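Chemist:
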Amino acid sequence: MLERVIIAYWLGRGWNFDARTSRIPDVLQVAREIKVSYHAPIVGIGEVRLHLWIEAAGRTSFTYGFAFRSADGTTLHATGHRVQVRLDPATFQPTPLSAEGVAELALFAKPGVLAGTNDREAAR
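Each residue of the sequence shown is one higher than the last, beginning at 1 in the UniProt record's numbering.
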């Protein structure tokens, strides 16, 4: 479920797997780490809410925080984080996040997480 929501979100923001059509240049990204803590089972088929935010960001990577809750928000089913790294498509080595990518992350980042990340060119 987490992966589907993340992909759907970014596709809706103009990101694409194809660099020629993607509005955001950070096309090649990989998950470095995913941690999930389960709190209560999801029983049956029905609506589940996913709360997703950016809890940390660095020069080449960022961390999603997430929480799965019941539709009414009263039951916490799972919490966790996912570390994602931008890679250079030619070398497959970590490469700095683009200014466009950082601007998109800022839309749902915790306050202060992206402070100082706008000066990407100086860090290269």
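Glycine included, C-beta positions come from ideal geometry on N, C-alpha and C.
Note that this is a predicted model, so its numbers are computed, not measured.
1. Kindly indicate which residue of 89, 44, 113, 97 has the alpha-carbon position closest to the one of residue 20.
2. Are residue 4 and residue 14 touching if we call contact CB-CB under 7 Å?
3. Just to confirm before moving on: does the CB-CB distance between residue 83 and residue 63 stay below 7 Å?
4. Using only alpha-carbon positions, find the residue among 41, 87, 108 that is nearest to residue 30.
5. Helix, strand or coil, according to DSSP, for residue 45 in the structure here?
6. Residue 40 and residue 81 look like a contact to me (Cβ under 8 Å); what is the Cβ gap, rounded to whole Å?
7. Do you know how far the Cα of residue 51 is from the Cα of residue 6?
8. For residue 18, I'd like the list of residues in its chain whose CB is within less than 8 Å of its CB, leaving aside the five on either flank, ordered along the chain.
9. Whole angstroms are fine: how far does the CA of residue 70 sit from the CA of residue 97?
10. Between which residues of its own chain and residue 122 is the CB-CB distance below 6 Å, once the five residues before and five after are set aside?
Modeler: In this structure, then:
1. For residue 20, the nearest C-alpha among the options comes from 89.
2. Contact: no.
3. Less than 7 Å separates the beta-carbon of residue 83 from that of residue 63.
4. Checking every option, the nearest Cα to that of residue 30 belongs to 87.
5. In the structure shown, residue 45 sits in coil (DSSP, three-state: anything other than H, G, I, E or B).
6. Actually they are not in contact, since the Cβ atoms of residue 40 and residue 81 sit about 19 Å apart, beyond 8 Å.
7. In this structure, the straight-line span from the alpha carbon of residue 6 to that of residue 51 is close to 11 Å.
8. Same-chain partners within the cutoff: 27.
9. Cα to Cα, the separation comes out at about 33 Å.
10. Residue placement at residue 122 is flagged as unreliable, the pLDDT there being 32, under the threshold of 50; a coordinate-derived value is accordingly withheld.
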